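Novice:
Residue numbers (my numbering): 155 to 531.
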């Protein structure tokens, strides 16, 4: 065994080392390499490798009872345990042979066998793995009664006592696996999809009617935004839940809002008598600050949801954060590239093209004078 640890200190053995040993050498040597977690004098956690026999010297079914109590002398926690007759015989044989003053001194490893279900449906399988709970030194021969001392905390003592009191002799076997269709949840998801699609359609139609050619470019950017957003979610292998769909719908509105700010800025620049090229440049430059501030404040809120939220709330925060980034990219970069291309190609730039974009300086807008209803303080 020591050959395996050559060049390593037992305190530097990692879980990867243990997995490698158990896979390649465990059966031949009749031992398992497990990782023990302890606390040093400063309270810092550290791990070390411990070899234990593959077959238990005393199976857990022979332990009648284990309880935690305080030492009468020091007040520190200690564990008292009782074994049945067979367990006492096995324990006496093991501890008598390996106590400190014997030629082959060893520690007594307390090992818990857990079962983990891997996979789902027909591919599900039960896999057992062993965890080293504690490894106290053997100070003397133990029969049907024993005591574990030198425990640092009551929490650790309770963990060890629980492992001794709950031996699971029968491994978990998958007899039958069923999948129940969540009909109510599925209907909610379908309604969420419909809401997102209708929201996208209504927004696209409004932009097309109100901004004409500019609306077409905004709708292209909006479609690109949704594609990028869903692509990022697929890349992270994320599941689109109801809160996630809500984040997508909110992203649609935020993306269009950025385009509206840009187009209205371009309209103002045209009203000042600038050419379409100059108005586009100034419009994007002046709208950037407003768009950036609005999206950053929303992103701060979404990051708080990710940090403090759980489950669906965190999922909404992730979707919203990704949507903010993609909407800023499509609004500030994608539409600008398309507009510059059309401008340089001579497709837009004339007076008629301004009218087609619905950005003609003379295009009047309804005005509502709300301030006339204000009452002086």
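For each residue, glycine too, the CB sits at the ideal point set by N, CA and C.
For clarity, every value in this text was computed on a predicted model and none was experimentally measured.
With a floor of 4 residues, list each alpha helix (DSSP H) that falls wholly inside the region 354–391, ordered by position along the chain.
Specialist: Listed in chain order, the complete alpha helix (DSSP H) runs (minimum 4 residues) inside the region 354–391 are 367–389.
Novice: For a test of the three-state rule: what should DSSP assign to residue 426, helix, strand or coil?
Specialist: Looking at residue 426 - three-state DSSP - the assignment turns out to be coil, as it is neither helix nor strand.
Novice: Evaluate residue 449 with the Cβ neighbour count: other Cβ atoms within 10 Å of its Cβ, from every protein chain shown; 16 or more gives buried, anything less gives exposed.
Specialist: It counts as buried.
Novice: Let's test the definition: count the other Cβ atoms within 10 Å of the Cβ of residue 190 and tell me whether it reaches 16, buried, or not, exposed.
Specialist: Buried, by the Cβ-count rule.
Novice: Locate the alpha helix (DSSP H) running through residue 479, then write down its first and last residues.
Specialist: 466–483 is the span of the alpha helix (DSSP H), which, as asked, contains residue 479.
Novice: Give me, in chain order, the residues of the same chain whose beta-carbon lies closer than 6 Å to that of residue 423; leave out the 5 immediate sequence neighbours on both sides.
Specialist: Here the set comprises 433, 436 and 437.
Novice: From the DSSP output, which residues share a beta bridge with residue 217?
Specialist: Beta-bridge pairing links residue 217 to 237.
Novice: Tell me which residues share the same chain as residue 404 and place their Cβ nearer than 8 Å to its Cβ, disregarding the 5 neighbours each side in the sequence.
Specialist: Excluding residues within five positions, the ones whose Cβ falls inside 8 Å are 474 and 477.
Novice: Exposed or buried, what is residue 206 when buried is set at 16 or more other beta-carbons lying within 10 Å of its beta-carbon?
Specialist: Burial call: buried.
Novice: When the Cα atoms are used, what is the spatial distance from residue 368 to residue 346?
Specialist: Each residue's Cα considered, the two are about 29 Å apart.
Novice: Applying the 10 Å Cβ sphere with the 16-neighbour rule, what's the burial state of residue 231?
Specialist: Flag for residue 231 reads buried.
Novice: Among residues of its own chain, excluding the 5 on either side of residue 560, which ones have a beta-carbon nearer than 6 Å to its beta-carbon?
Specialist: With the chain running from 155 to 531 in the structure shown, residue 560 is simply not present.
Novice: Could you please give the first and the last residue of the uninterrupted beta strand (DSSP E) stretch that includes residue 299?
Specialist: Note, residue 299: beta strand (DSSP E), 299–302.
Novice: Pull up the distance between the alpha-carbon of residue 208 and that of residue 265, whole angstroms please.
Specialist: Rounded to the nearest angstrom, the two C-alpha atoms are 10 Å apart.
Novice: What residues are listed by DSSP as bridge partners for residue 397?
Specialist: In DSSP, residue 397 forms no bridge with anything.
Novice: Thinking C-alpha only, which one of 353, 279, 414 and 460 is nearest residue 406?
Specialist: Answer by Cα proximity: 353.
Novice: Residues in its own chain within less than 8 Å of residue 268 by CB, not counting five upstream and five downstream?
Specialist: Hits under 8 Å: 282, 283, 284 and 285.
Novice: Span of the alpha helix (DSSP H) holding residue 494?
Specialist: Where residue 494 is concerned, the enclosing alpha helix (DSSP H) stretches over 489–498.
Novice: Please state the DSSP three-state secondary structure of residue 198.
Specialist: Here residue 198 sits in coil by DSSP.
Novice: Cα-Cα, which of 180, 184, 188 and 178 is closest to residue 169?
Specialist: If we check each option's Cα against that of residue 169, 188 comes out closest.
Novice: Spell out whether any CB of chain D is found under 9 Å from the CB atom of residue 277.
Specialist: In the structure shown, chain D does not exist; there is a single protein chain.
Novice: Which same chain residues, not among the five before or five after residue 312, have their C-beta less than 7 Å away from its C-beta?
Specialist: Closer than 7 Å at the Cβ level, and outside the excluded window around residue 312, lie 222.
Novice: Label residue 604 either buried or exposed according to how many other C-beta atoms from any shown protein chain fall within 10 Å of its C-beta, with 16 as the threshold for buried.
Specialist: The requested residue 604 is not part of the displayed model; the chain covers only 155 to 531.
Novice: Using a threshold of 9 Å, state whether the C-beta atoms of residue 614 and residue 295 are closer than that.
Specialist: Lying outside 155 to 531, the shown extent of the chain, residue 614 is not represented and no answer is given.
Novice: Nearest to residue 310 by alpha carbon, out of 181, 493 and 289?
Specialist: Of 181, 493 and 289, the residue nearest in Cα terms is 289.
Novice: If you reduce the DSSP assignment to three classes, tell me which class residue 230 lands in.
Specialist: Note: residue 230 maps to coil in three-state DSSP.
Novice: Would you kindly work out how many angstroms separate the C-alpha atoms of residue 177 and residue 350, rounded to a whole number?
Specialist: Cα-Cα distance, rounded: 50 Å.
Novice: Under the three-state reduction of DSSP, which class applies to residue 443: helix, strand or coil?
Specialist: Three-state DSSP puts residue 443 in a helix.
Novice: Mapping the DSSP letters down to three states, classify residue 270 as helix, strand or coil.
Specialist: Correct three-state label for residue 270: strand.
Novice: Can you have a look at residue 212 and say buried or exposed, based on whether 16 or more other CB atoms are within 10 angstroms of its CB?
Specialist: Buried, since its Cβ has 16 or more Cβ neighbours within 10 Å.
Novice: Please tell me whether residue 470 and residue 457 are closer than 9 Å, where the distance is taken between their beta carbons.
Specialist: Cβ atoms of residue 470 and residue 457: not closer than 9 Å.
Novice: Mapping DSSP to helix, strand and coil, what is residue 262?
Specialist: Here residue 262 sits in coil by DSSP.
Novice: If residue 297 sits next to residue 246, beta carbons under 8 Å apart, how far is it from one beta carbon to the other, in whole angstroms?
Specialist: That pair is a contact at about 5 Å.
Novice: If I measure Cβ to Cβ from residue 261 and keep anything under 7 Å in the same chain, skipping five residues before and after, which residues do I get?
Specialist: For residue 261, where only same-chain residues beyond five positions count, the Cβ hits under 7 Å are 289, 290, 291 and 292.
Novice: For residue 224, I'd like the list of residues in its chain whose CB is within less than 8 Å of its CB, leaving aside the five on either flank, ordered along the chain.
Specialist: Cβ within range, chain order: 230, 231 and 232.
Novice: Can you give me the C-alpha to C-alpha distance between residue 415 and residue 463, rounded to a whole angstrom?
Specialist: Cα-Cα distance, rounded: 32 Å.
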